[in-house]
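Visitor:
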Amino acid sequence: VPDPDGGLLDTVVVGAGFAGMYALHRMLDSGRTAVALEAGHGVGGVWYWNRYPGARCDVESVDYSYSFDETLQQDWVWSERYATQPEIRRYCEYVADRFGLRPHLRFGRRVDRAHFDDRDAVWTIGTEDGERYRARHVVLATGSLSAPNLPDLPGRDSFEGEVLMTAQWPAEGVDLTGNRVGVIGTGSSGIQAIPLIAEAAESLTVFQRSANYTVPVLNHEFTDDDWERLQAGYPDRRAASWRSGAGSPHTAYPKDFWEIDEQEREAAFAARWAEGGVLFGKTFDRQTVDPEINRAARDFAERKIREIVRDPQTAADLTPTDHPIGTKRICTDRGYYETFNADHVSLVNLRRDPIVEVTPWGVKTEEGIHELDVLVYATGFDAMTGALTRIDIVGPRGDRLADTWSGGPLTYLGVGIPGFPNLFALNGPGSPSVLINMVLAAEQQVDWVMELLDHCDAHGHTRVEARHDAAETWTTHVDELSRTTLFPEAPSWYMGANIEGKKRVFMPYIGGFKGYIDKCAECRDNDYAGFVLGS
Ligand code: NA7
17 VPDPDGGLLD
27 TVVVGAGFAG
37 MYALHRMLDS
47 GRTAVALEAG
57 HGVGGVWYWN
67 RYPGARCDVE
77 SVDYSYSFDE
87 TLQQDWVWSE
97 RYATQPEIRR
107 YCEYVADRFG
117 LRPHLRFGRR
127 VDRAHFDDRD
137 AVWTIGTEDG
147 ERYRARHVVL
157 ATGSLSAPNL
167 PDLPGRDSFE
177 GEVLMTAQWP
187 AEGVDLTGNR
197 VGVIGTGSSG
207 IQAIPLIAEA
217 AESLTVFQRS
227 ANYTVPVLNH
237 EFTDDDWERL
247 QAGYPDRRAA
257 SWRSGAGSPH
267 TAYPKDFWEI
277 DEQEREAAFA
287 ARWAEGGVLF
297 GKTFDRQTVD
307 PEINRAARDF
317 AERKIREIVR
327 DPQTAADLTP
337 TDHPIGTKRI
347 CTDRGYYETF
357 NADHVSLVNL
367 RRDPIVEVTP
377 WGVKTEEGIH
387 ELDVLVYATG
397 FDAMTGALTR
407 IDIVGPRGDR
417 LADTWSGGPL
427 TYLGVGIPGF
437 PNLFALNGPG
447 SPSVLINMVL
457 AAEQQVDWVM
467 ELLDHCDAHG
477 HTRVEARHDA
487 AETWTTHVDE
497 LSRTTLFPEA
507 PSWYMGANIE
517 GKKRVFMPYI
527 GGFKGYIDKC
537 AECRDNDYAG
547 FVLGS
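Under the UniProt record's numbering, the sequence shown has 334 at position 318, and the numbering climbs by one with no breaks.
(1) Just to confirm my understanding: we take VAL390, look at its own chain, exclude 5 residues before and 5 after, and list those with CB closer than 6 Å. What are they?
(2) Is it buried or exposed for PRO170, if we count other Cβ within 10 angstroms and need 16 for buried?
(3) Would you kindly report the start and end of the unbroken beta strand (DSSP E) that includes GLY550?
(4) Can you tell me whether DSSP reads ALA474 as helix, strand or coil?
(5) Tell me, to the nearest whole angstrom, how far the beta carbon of TYR393 is from that of ILE515; I am working on the premise that it is less than 8 Å.
(6) Could you tell me which residues DSSP puts in a beta bridge with LYS519?
(7) Measuring alpha carbon to alpha carbon, tell me which of GLY446, TYR269 and ASP359 ends up nearest PHE296.
(8) Buried or exposed, going by whether 16 or more other CB atoms sit within 10 Å of the CB of THR348?
(9) Do the CB positions of ARG455 and SER219 come within less than 9 Å of each other?
(10) Rounded to whole angstroms, what's the CA-CA distance from PHE175 to VAL59? Just pull it up for me.
(11) Excluding the 5 residues preceding and the 5 following TRP139 in the sequence, name in chain order all residues of the same chain whose CB lies nearer than 8 Å to its CB.
(12) Starting from VAL111, follow the alpha helix (DSSP H) in both directions and report where the run begins and ends.
(13) Which whole-angstrom value is the C-beta distance of LEU334 and ARG225, which I expect to be below 8 Å?
(14) Mind reading off the beta-carbon distance from LEU497 to ILE533? Whole number of angstroms is fine, and I expect it under 8 Å.
(15) Fully enclosed by the stretch 149–179, which beta strand (DSSP E) runs are 3 residues long or longer?
(16) Determine, using beta carbons only, whether PRO448 and PHE529 come nearer to each other than 9 Å.
(17) Nearest-angstrom Cα distance between GLN89 and VAL305?
(18) Which whole-angstrom value is the C-beta distance of ASP26 and ILE407, which I expect to be below 8 Å?
(19) List the residues that DSSP assigns as beta-bridge partners of ILE409.
(20) Grab me the residues of ILE341's own chain with a C-beta within less than 7 Å of its C-beta, minus the 5 sequence neighbours each way, in chain order.
(21) Any idea what DSSP makes of ILE324, helix, strand or coil?
(22) At what residue ranges does the stretch 372–429 contain a whole run of the alpha helix (DSSP H), taking only runs of 4 or more?
(23) Is it right to say ILE409 is buried, meaning 16 or more other beta carbons lie within 10 angstroms of its own, or is it exposed?
(24) Please confirm whether GLY70 and LEU212 have their CB atoms less than 9 Å apart.
(25) Cα-Cα, which of LEU451, ALA209, TYR110 and ALA418 is closest to PHE436?
(26) Please classify LEU439: does DSSP put it in a helix, a strand, or coil?
(27) Taking buried to mean at least 16 other C-beta atoms within 10 Å of its own C-beta, is ALA287 buried or exposed?
(28) Taking 8 Å as the threshold, find out whether the stretch 258–266 comes into contact with the stretch 367–383 through three or more Cβ pairs.
(29) Note down the Cα distance separating ASP541 from ARG125, rounded to an integer number of angstroms.
(30) Between SER508 and THR343, how many whole angstroms is the CB-CB distance? I'm expecting something under 8 Å.
(31) Between which residues of its own chain and GLU373 is the CB-CB distance below 6 Å, once the five residues before and five after are set aside?
(32) For PRO18, name the three-state secondary structure that DSSP assigns.
(33) Using the C-alpha atoms, what's the distance from ARG253 back to ARG259?
(34) Do you know offhand how far ALA209's Cα is from TYR352's?
(35) When every heavy atom of ligand 1 is checked, does at least one fall within less than 8 Å of the C-beta of residue 553?
(36) Quick one: residues in its chain with C-beta nearer than 8 Å to the C-beta of residue 572, no 5 flanking neighbours on either side, listed in chain order?
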């Protein structure tokens with residue numbers, strides 16, 4: 017068995033995105049031996065792969081960045097309010113260099129198995145190329161939106177033109193000039209890419225299964241003055257973020273929706289819309305809880321669609337019908353609705369005119385044939401669990417993670433998984449992850465896992481495993497909390513609804529970042545009740 021690191025490691029980290037890099041940094045910093053195995057040929061995780069035109073984070077750059085090192089925070093200068101994929105990737109590369117991670121990063125390694133040997137309490141982690149690593153602990157920093165979903169459309173592989181996926185866009189870019197392009201999928205990725213694809217292509221056909229709400233991103237470059245103000249404000253901004261519900265310093269309109277009149281509500285929505293970005297989805301407290309507040313927000317957003325899109329049928333088709341606003345991740349755009357006013361852009365509403373098959377020449381729907389040179393799949397991810405269950409993870413009693421989760425994921429605090437000792441998921445199902453700023457979420461979880469490992473070492477425990485009953489209780493709590501909101505009404509990827517055959521359960525913890533931090537602290541302060549510590 018080739019063991020490139022020649023011995024037993026303290027920890028193998030799977031993935032070198034934001035979470036994996038921070039986990040590796042903390043492990044090394046505390047004197048543990050560790051490597052991070054990464055499928056990509058560079059760091060960044062989703063920001064390594066998602067190179068489609070227009071790819072940009074919908075959380076502001078000054079929030080979607082590490083907070084653990086004040087000098088890093090002061091030294092790195094973000095150029096825009098919302099950073100593009102290339103800039104985020106450059107940031108990740110910079111962090112890898114600055115913290116000396118490179119000697120411990122192994123690129124081009126896609127982990128496909130992790131088996132626990134009960135006799136010596138060691139994990140053997142394998143890559144697709146047949147390498148084997150042995151470690152006491154495994155940290156799964158595999159990402160919540162990293163396992164791409166390529167739908168199994170009839171005739172899919174017969175298409176003779178170029179096939180692209182937003183989640184695996186070619187590094188060298190693609191020149192779409194003069195091409196007839198089709199895009200399937202209108203989530204965040206499709207909505208960011210479509211205006212730019214339309215600019216380049218001879219014609220663009222958008223195949224939409226569900227319309228989504230999108231808000232203009234209103235990005236801008238930072239001036240020197242902006243940056244000076246932002247840098248000075250970092251301590252307060254971060255402090256507010258750590259106390260917040262979503263890991264960023266923003267708050268809802270200061271007054272209750274029901275205490276103000278129609279005019280003030282309208283002004284509040286208009287002000288949020290004018291600020292740009294996803295926060296429109298949280299203009300008022302309880303907007304994703306109270307159906308009437310939600311309806312008011314929807315009415316405002318839907319009026320915007322009708323104001324922009326000239327063709328009434330297209331405007332109606334672009335209006336979401338299947339979910340309260342904000343219960344699917346709200347999208348942000350630059351000129352998305354305007355794109356549909358161009359003569360060379362057309363929208364196919366798949367609910368009225370479904371895809372029959374993909375043919376060598378394009379896409380056949382019930383009402384016609386759409387001839388294409390390029391077909392782009394912006395069809396999302398097997399969210400939250402996909403990256404974990406695609407790895408053959410087997411615990412000491414022979415349990416396979418993918419099987420034990422077939423009825424829905426079971427975790428304690430999103431981090432510990434019963435049946436799988438010494439293995440930790442970061443931003444896993446049952447943690448707030450995709451509902452909040454995932455960079456701070458990753459920092460918090462890594463710090464918490466490090467404390468747990470240090471506690472085990474200090475007390476001579478060589479095994480730590482989430483208790484089954486604690487995981488059941490936590491997972492039920494996660495589910496019950498979601499039911500106090502409108503989120504379960506949406507057929508979203510939060511619910512697993514975008515993947516055929518996937519159990520529909522609301523996967524992220526919706527009790528907010530601060531609420532989650534408190535739950536984790538409570539567990540620690542109770543001597544990690546909820547985990548079995550032993551040897
Ligand atoms: P999303 O938000 O899951 O969007 C995927 C889109 O692809 C969505 O419109 C889907 O429609 C559509 N889709 C998926 N499968 C099909 C099939 N079989 N036929 C037609 N259309 C399909 O993924 P994104 O990459 O855009 O964004 C993911 C997150 O990344 C985003 O929220 C940000 O937080 C970052 P559906 O809505 O399922 O009907």
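Ideal Cβ positions, reconstructed from N, Cα and C, are used throughout, including at glycine.
Computed from a predicted model, the values in this text were never measured in an experiment.
Guide: So, from the data block:
(1) The residues GLY177, GLU178, ASN195 and VAL197, in chain order, have a CB closer than 6 Å to that of VAL390 in the same chain once the five nearest residues on each side in sequence are set aside.
(2) Classification of PRO170: exposed, given that the 10 Å Cβ count is below 16.
(3) From DSSP, the beta strand (DSSP E) with GLY550 extends over 547–550.
(4) Secondary structure at ALA474: helix, using DSSP grouped into helix, strand and coil.
(5) Here TYR393 is actually not in contact with ILE515; their C-beta atoms are around 14 Å apart, not less than 8 Å.
(6) In DSSP, LYS519 forms no bridge with anything.
(7) The shortest Cα separation from PHE296 among GLY446, TYR269 and ASP359 belongs to TYR269.
(8) By the Cβ neighbour-count rule, THR348 is buried, with 16 or more other Cβ atoms within 10 Å of its own.
(9) Here residue 455 is Val; the residue named in the question, Arg, does not match the sequence. Cβ atoms of VAL455 and SER219: not closer than 9 Å.
(10) The straight-line gap from Cα to Cα measures roughly 32 Å.
(11) Excluding residues up to 5 positions away in sequence, VAL28, ALA130, HIS131, PHE132, ASP133, ARG150, ALA151, ARG152, HIS153, VAL154, ASN438 and LEU439 lie with their Cβ nearer than 8 Å to the Cβ of TRP139 in the same chain.
(12) Counted as a single uninterrupted DSSP element, the alpha helix (DSSP H) harbouring VAL111 occupies residues 101–114.
(13) Contact flag wrong, Cβ pair sits at about 13 Å.
(14) Between ILE533 and LEU497 the Cβ distance is about 15 Å, and since that is not below 8 Å, they are no contact.
(15) As far as the stretch 149–179 is concerned, it has no whole beta strand (DSSP E) run of at least 3 residues.
(16) It is a contact, given that the beta carbons lie within the stated cut-off.
(17) The alpha-carbon atoms of GLN89 and VAL305 are separated by roughly 35 Å.
(18) Contact between ASP26 and ILE407 is ruled out by a C-beta separation of about 20 Å, above the 8 Å threshold.
(19) Note: ILE409 is bridge-paired with ALA130 in the DSSP secondary-structure output.
(20) So the qualifying residues of the chain are TYR229, GLY297, ASN310, ALA313, ARG314 and ALA317.
(21) Correct three-state label for ILE324: helix.
(22) Runs found: 402–405 and 417–420.
(23) The residue in question, ILE409, is buried, as its Cβ has 16 or more Cβ neighbours within 10 Å.
(24) Yes, these two residues count as a Cβ contact at 9 Å.
(25) Of LEU451, ALA209, TYR110 and ALA418, the residue nearest in Cα terms is ALA418.
(26) It is a strand residue.
(27) With fewer than 16 Cβ atoms within 10 Å of its Cβ, ALA287 is classed as exposed.
(28) No, the stretch 258–266 does not touch the stretch 367–383.
(29) ASP541 and ARG125 have their C-alpha atoms some 37 Å from each other.
(30) Rounded, the Cβ-Cβ distance is 6 Å, consistent with contact.
(31) Sequence-distant partners of GLU373 (beyond 5 residues in either direction) whose C-beta falls short of 6 Å from its own C-beta, in its chain, are PRO170, GLY171 and LYS380.
(32) Only weak support is given to the placement of PRO18: the predicted model assigns it a pLDDT of 46, under 50, and the value that follows is read from those uncertain coordinates. Reduced to three states, the DSSP call for PRO18 is coil.
(33) One Cα belongs to ARG259, the other to ARG253, and the distance between them is close to 10 Å.
(34) Here the alpha carbon of ALA209 sits roughly 9 Å from the alpha carbon of TYR352.
(35) Any question about residue 553 goes unanswered here, given that the chain covers just 17 to 551.
(36) Only positions 17 to 551 of the chain appear in the structure, and residue 572 is not among them; the question remains open.
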